[in-house]
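Novice: All the letters of the sequence shown, read from the start, carry residue numbers 41 to 409 under the numbering used here.
Virtual Cβ for every residue (Gly too), placed ideally from N, Cα, C.
Quick one: the structure is below, and I'll ask about it shortly.
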Amino acid sequence: MRARLEVEARDGGARAGTLVTARGRVATPCFMPVGTRGAVRHLASSDLEELGVEVVLANTYHLMLRPGADTVARLGGIHAFADWTGHVLTDSGGYQVFSLEPRVDDEGATFTSTYDGSTHVLTPERAVDVQALIGADIQMVLDVCPPSLAPPPVLRTAVDRTAAWARRARRRFLEHPDAAGRQCQFGIVQGGTDAALRVESAERTVACDFDGYAIGGLSVGEPREVMLPALDAAMALLPADRPRYFMGLGDPVGIVESVGRGVDMFDCVLPTRLARHGTILTDRGRYNLTRAEFADSDEPLDPDFPDDPAGRWSRGYLRHLLLTREPTAARLITLHNVAWLLRFMRRLREAVVAGRFAAFRAEVLATWS
41 MRARLEVEAR
51 DGGARAGTLV
61 TARGRVATPC
71 FMPVGTRGAV
81 RHLASSDLEE
91 LGVEVVLANT
101 YHLMLRPGAD
111 TVARLGGIHA
121 FADWTGHVLT
131 DSGGYQVFSL
141 EPRVDDEGAT
151 FTSTYDGSTH
161 VLTPERAVDV
171 QALIGADIQM
181 VLDVCPPSLA
191 PPPVLRTAVD
201 RTAAWARRAR
211 RRFLEHPDAA
221 GRQCQFGIVQ
231 GGTDAALRVE
241 SAERTVACDF
251 DGYAIGGLSV
261 GEPREVMLPA
271 LDAAMALLPA
281 DRPRYFMGLG
291 DPVGIVESVG
301 RGVDMFDCVL
311 PTRLARHGTI
321 LTDRGRYNLT
331 RAEFADSDEP
341 LDPDFPDDPA
351 GRWSRGYLRH
361 LLLTREPTAA
371 RLITLHNVAW
381 LLRFMRRLRE
391 AVVAGRFAAF
401 RAEVLATWS
């Protein structure tokens, strides 16, 4: 079944809608917590259900190596394996592979496993096959993600290779007996911060007629004033009836600026990584609870968040758990941060529907910039 986006409201460039897949419906704009190895750090699938999570991201690189895609398939696929009934999106594994300095040619990437030193080859076709075994609802194509602010020759190679690999991945997906009938496939636009390359990459990716389109290779260290024009260049070419996904973006300002340009989906490790280091997200900004000023605080994590699943515990108590290295701290703050970001997305969606996006954006920029 092809994915589609049903747009229900627009406010300027922002839109609110529903992503429709073979599994069901997802309200957009949406945020997808990252469950790298099939689980979001410190949370169980039952926690995610109670929080109202609709889509979780899983990492193909890690799952193909541990426990192995064949094992996941034998155990019923990622949904049965993780006891998760919501949507799952798997990345191709390319981002992790390219961080390992692999040997890359037009065929694919040869890399060494970080688990046991074994050698593996990841091609566009292999990425499709592995993700079909894992059984996610949405799979991503293998692409080349260049470093932040890479020189023009590196960007050119990344765009050309990403386009060639996209064509091969699309062909394999449509021919695959287990993929095309029950999964969706998204293409990825590259090009760094070069607007012309972004346009070219978008055109070549759209020509493959994917179910959805992702923006890759941005929010990887470049300044926001450089990122946004590159995003604008790509967004102008992406079909309005397909979902648009900004990969790896999860900060409130980045989300609201991207939604204002028509982006529908986001993922990021931000809420879980911050939690492990004692930082909470609140309506008044972010705070690190290890600071001495919170030692005697009896305030909840966010006084403006009445439905906070971790709201019964004080900042002072969580600080104590952090300083004594009690693992419960990371779990409770993760619950809070994920819940806070999901609530942020709901409020953002409501603002678009009500025609109040500009006011909501102004509030976010005033608090978080």
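Measuring only the C-alpha atoms, how far is I178 from R365?
Specialist: Distance between the alpha carbons of I178 and R365 is about 37 Å.
Novice: Taking Cβ positions, are G52 and F397 nearer each other than 9 Å?
Specialist: Cβ distance < 9 Å, so G52 and F397 count as in contact.
Novice: I think L45 touches G64, with their Cβ atoms under 8 Å apart; what is that distance to the nearest whole Å?
Specialist: Actually they are not in contact, since the Cβ atoms of L45 and G64 sit about 14 Å apart, beyond 8 Å.
Novice: Straight-line CA distance for Q225 to R352?
Specialist: Between Q225 and R352, the C-alpha separation is close to 41 Å.
Novice: Taking only the alpha-carbon atoms, compute the straight-line gap between M275 and A379 and give it to the nearest angstrom.
Specialist: Computed Cα separation, rounded: 29 Å.
Novice: Check each candidate in L237, F250, P283 and R196 and name the one with the smallest Cα separation from A206.
Specialist: Looking at the Cα atoms, F250 is the closest of the given residues.
Novice: In three-state DSSP terms, what is E339?
Specialist: The answer is coil: DSSP assigns E339 none of H, G, I, E or B.
Novice: Assuming V95 and H127 make a contact with CB atoms under 8 Å, what is their CB distance in whole Å?
Specialist: Confirmed, Cβ separation roughly 4 Å.
Novice: Go through its chain and collect everything with a Cβ distance to L140's Cβ below 6 Å, but skip five positions before and after it.
Specialist: Excluding residues within five positions, the ones whose Cβ falls inside 6 Å are F151.
Novice: Please check the pair S302 and I373, which I expect to be a contact at CB under 8 Å, by giving their CB distance rounded to whole angstroms.
Specialist: The sequence given here has Gly at residue 302, not Ser. That belief does not hold up - the Cβ atoms of G302 and I373 are roughly 32 Å apart, past 8 Å.
Novice: Tell me whether the beta-carbon of L450 lies closer than 9 Å to the beta-carbon of L329.
Specialist: Limits of the chain in this structure are 41 at one end and 409 at the other, which puts residue 450 out of reach.
Novice: Of all the alpha helix (DSSP H) runs that stay within the bounds of the stretch 322-376, which reach a length of 4 or more residues?
Specialist: Segments of the alpha helix (DSSP H) lying fully in the stretch 322-376: 355-363.
Novice: Check whether the Cβ of F334 lies closer than 9 Å to any Cβ atom in chain B.
Specialist: Looking at the structure shown, chain B is missing, and only one protein chain is on hand.
Novice: With 16 as the cutoff for other CB atoms within 10 Å, does V266 come out buried or exposed?
Specialist: Answer is exposed; the Cβ neighbour count stays below 16.
Novice: For a test of your reading of the model: does the CB of H216 fall under 8 Å from any non-hydrogen atom of the ligand COA? Yes or no.
Specialist: Looking for the ligand COA in the displayed structure turns up nothing, as the structure carries no ligands at all.
Novice: Beta-carbon separation of L97 and G75 under 9 Å?
Specialist: Yes, these two residues count as a Cβ contact at 9 Å.
Novice: Hey, would you say C70 sits closer than 9 Å to D347, going by beta carbons?
Specialist: Their beta carbons are not under 9 Å apart, which means C70 does not touch D347 by this criterion.
Novice: So what does DSSP say about L271, is it helix, strand or coil?
Specialist: Reduced to three states, the DSSP call for L271 is helix.
Novice: From T100 to G78, what distance separates their C-alpha atoms?
Specialist: Distance between the alpha carbons of T100 and G78: 10 Å.
Novice: Assuming E262 and L310 form a contact by the criterion Cβ under 8 Å, report the distance between their Cβ atoms to the nearest whole angstrom.
Specialist: E262 to L310, Cβ: 17 Å. No contact.
Novice: Just grab the DSSP bridge partners of R65 for me.
Specialist: Its beta-bridge partners are V60.
Novice: Report yes if the C-beta distance between L195 and V296 is below 9 Å; otherwise report no.
Specialist: It is not a contact, given that the beta carbons lie outside the stated cut-off.
Novice: May I ask you to list the residues that DSSP assigns as paired with V96?
Specialist: DSSP output for V96 lists V128 as bridge partner(s).
Novice: Am I right that P349 and L91 are in contact with their C-beta atoms under 8 Å? What's the rounded C-beta distance?
Specialist: With a Cβ gap of about 7 Å, P349 and L91 count as contacting.
Novice: Report the three-state DSSP secondary structure of T150 (helix, strand or coil).
Specialist: Strand at T150.
Novice: Closest to V260 by CA distance: which of G288, A242 and C248 is it?
Specialist: Measuring from the Cα of V260, the nearest candidate turns out to be G288.
Novice: Output yes or no for whether 9 Å exceeds the beta carbon distance between L115 and Y155.
Specialist: No. Outside cutoff.
Novice: Report yes if the CB atom of F286 is closer than 9 Å to the CB atom of A242, and no otherwise.
Specialist: No, the Cβ-Cβ distance between F286 and A242 is not below 9 Å.
Novice: Do you know whose CA, among R359, G356 and A280, lies nearest A54's CA?
Specialist: Among R359, G356 and A280, the Cα nearest to that of A54 is on A280.
Novice: Measuring CB to CB, does R324 end up less than 9 Å from T407?
Specialist: Yes, Cβ-Cβ distance for R324 and T407 is below 9 Å.
Novice: Just checking my contact of T61 with A84 at CB under 8 Å: how many whole Å lie between their CB atoms?
Specialist: Not quite, the Cβ-Cβ distance comes to about 24 Å (not below 8 Å), so this is no contact.
Novice: Considering Cα atoms alone, identify which of A120, L258, I174 and D87 is closest to I228.
Specialist: The residue with the shortest Cα to Cα distance from I228 is L258.
Novice: Is DSSP giving P73 helix, strand or coil here?
Specialist: P73 falls in the strand class under three-state DSSP.
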